[in-house]
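Down below is the structure, laid out as structure tokens.
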Amino acid sequence: MLLIDCPHCGPRDETEFSCGGEAHIARPLAENSITDAEFAEYLFWRDNPKGVFLERWCHDAGCRKWFNAARDTVSHAFLEIYPMGSLPKSDAGKAAYAGSWRRKTASEAAAKPSSVKGGKA
Amino acid sequence: MSNAVHMYISQSDKGEMVLGAGVDKYNSYAQRGSFPVPEHMIAAAVEIFPILSRLRMLRHWGGIVDTCPDASPIISKTDVKGLYFNCGWGTGGFKATPGSGHVFADLIANDQPNKIAAPYALDRFQTGLLIDEHGAAGVAH
Chain C
301 MLLIDCPHCG
311 PRDETEFSCG
321 GEAHIARPLA
331 ENSITDAEFA
341 EYLFWRDNPK
351 GVFLERWCHD
361 AGCRKWFNAA
371 RDTVSHAFLE
381 IYPMGSLPKS
391 DAGKAAYAGS
401 WRRKTASEAA
411 AKPSSVKGGK
421 A
Chain F
274 MSNAVHMYIS
284 QSDKGEMVLG
294 AGVDKYNSYA
304 QRGSFPVPEH
314 MIAAAVEIFP
324 ILSRLRMLRH
334 WGGIVDTCPD
344 ASPIISKTDV
354 KGLYFNCGWG
364 TGGFKATPGS
374 GHVFADLIAN
384 DQPNKIAAPY
394 ALDRFQTGLL
404 IDEHGAAGVA
414 H
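Going down the list, the sequences are from chains C and F. The first sequence begins at 301 in the working numbering and counts up by one. The second sequence begins at 274 in the working numbering and counts up by one.
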């Protein structure tokens, strides 16, 4: 049984949580500027690394708040827990974020507000 | 197999009860079981068959459940010539093995999918023509 340290409630059993899958998937704003295949990378493609994985978690049975986590998918160790809407600060978390294939996708580039005409989302 | 609670059960020829179970809620390469999944399954099993509470657990095991967003497999040519995928069978693979082997052999022999295999191509995630089989496993979710 994993013990997960909710930022609001403290360490709780894994059965109190739901896992929201891969974190830091930005929705393309200029979605008509990318192809269907590139949009599919946002909508369906998900990473599945053997090692450090950045995920979203929700404390369903407790505070029901979301947080981000850097978790090792082999040992299940939580290397870092950081707030929703922010980026990881640990070395392992930063490396996982920078090294992810998603940083190079067209759908992520299209998620920047500057990618939309007029610069507004 | 129960549609009401999350467990399915069969008795082996030796008399042992074989029960299943479910998936971890998160990606894992750990190659070991977890406690919550059997615990949840046993609670369901004992609810339907209280006599099972007297049994001892002899062994437990876990495996990989590779699942696509629509819970259907991928049977597909790829961009690489001579490379074909037949994967993503998740919870449906054991029973579908003969059929999938048949259409996969057909795909490789002809370098084109037949009518049955064609909808399972990898590009369905671009076209949006998903095949929702989340209910196919039968057990309650």
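In this text, a Cβ means the ideal position worked out from N, Cα and C, and glycines have one as well. Predicted, not measured: the structure shown is a model, and the values here were computed from it.
query: Between which two residues does the alpha helix (DSSP H) carrying S345 of chain F extend?
result: Segment: none, S345 of chain F is in no alpha helix (DSSP H) and carries neither H nor E.
field: Residues that E380 of chain C contacts on chain F, provided the C-beta gap is smaller than 9 Å
entry: Under the 9 Å cutoff, chain F gives no residues; its nearest Cβ is about 16 Å from E380 of chain C.
- request: Name the two residues that bound the continuous alpha helix (DSSP H) containing R397 of chain F.
  value: 397-400
message: So, does the stretch 325-332 of chain C touch the stretch 304-316 of chain F, judging by three or more C-beta pairs under 8 Å?
response: no
- prompt: Do you know how far the Cα of P386 of chain F is from the Cα of G355 of chain F?
  reply: 13 Å
message: Am I right that S262 of chain F and L395 of chain F are in contact with their C-beta atoms under 8 Å? What's the rounded C-beta distance?
response: Nothing can be reported for residue 262 of chain F, as the shown portion of chain F is limited to 274 through 414.
message: Taking beta-carbon pairs under 7 Å, can you tell me which members of the stretch 283-310 of chain F lie near chain C?
response: K298, Y299, N300, S301, Y302, A303, F308, P309
message: If I measure Cβ to Cβ from A421 of chain C and keep anything under 6 Å in the same chain, skipping five residues before and after, which residues do I get?
response: Its pLDDT being 47, under 50, A421 of chain C is placed unreliably by the model, and the measurement read from it follows with that caveat. So the list reads L329, P413, once near-sequence residues are dropped.
task: Determine the chain C residues that contact T400 of chain F at a beta-carbon separation under 8 Å, and present them in chain order.
output: D336
- request: Could you tell me which residues DSSP puts in a beta bridge with L303 of chain C?
  value: C:D313
- prompt: Once you ignore the five residues that flank A323 of chain C on each side, which residues in its own chain have a CB closer than 6 Å to its CB?
  reply: L354, E355, R356, N368
- prompt: Would P386 of chain F count as contacting chain C if we go by Cβ distances under 9 Å?
  reply: no
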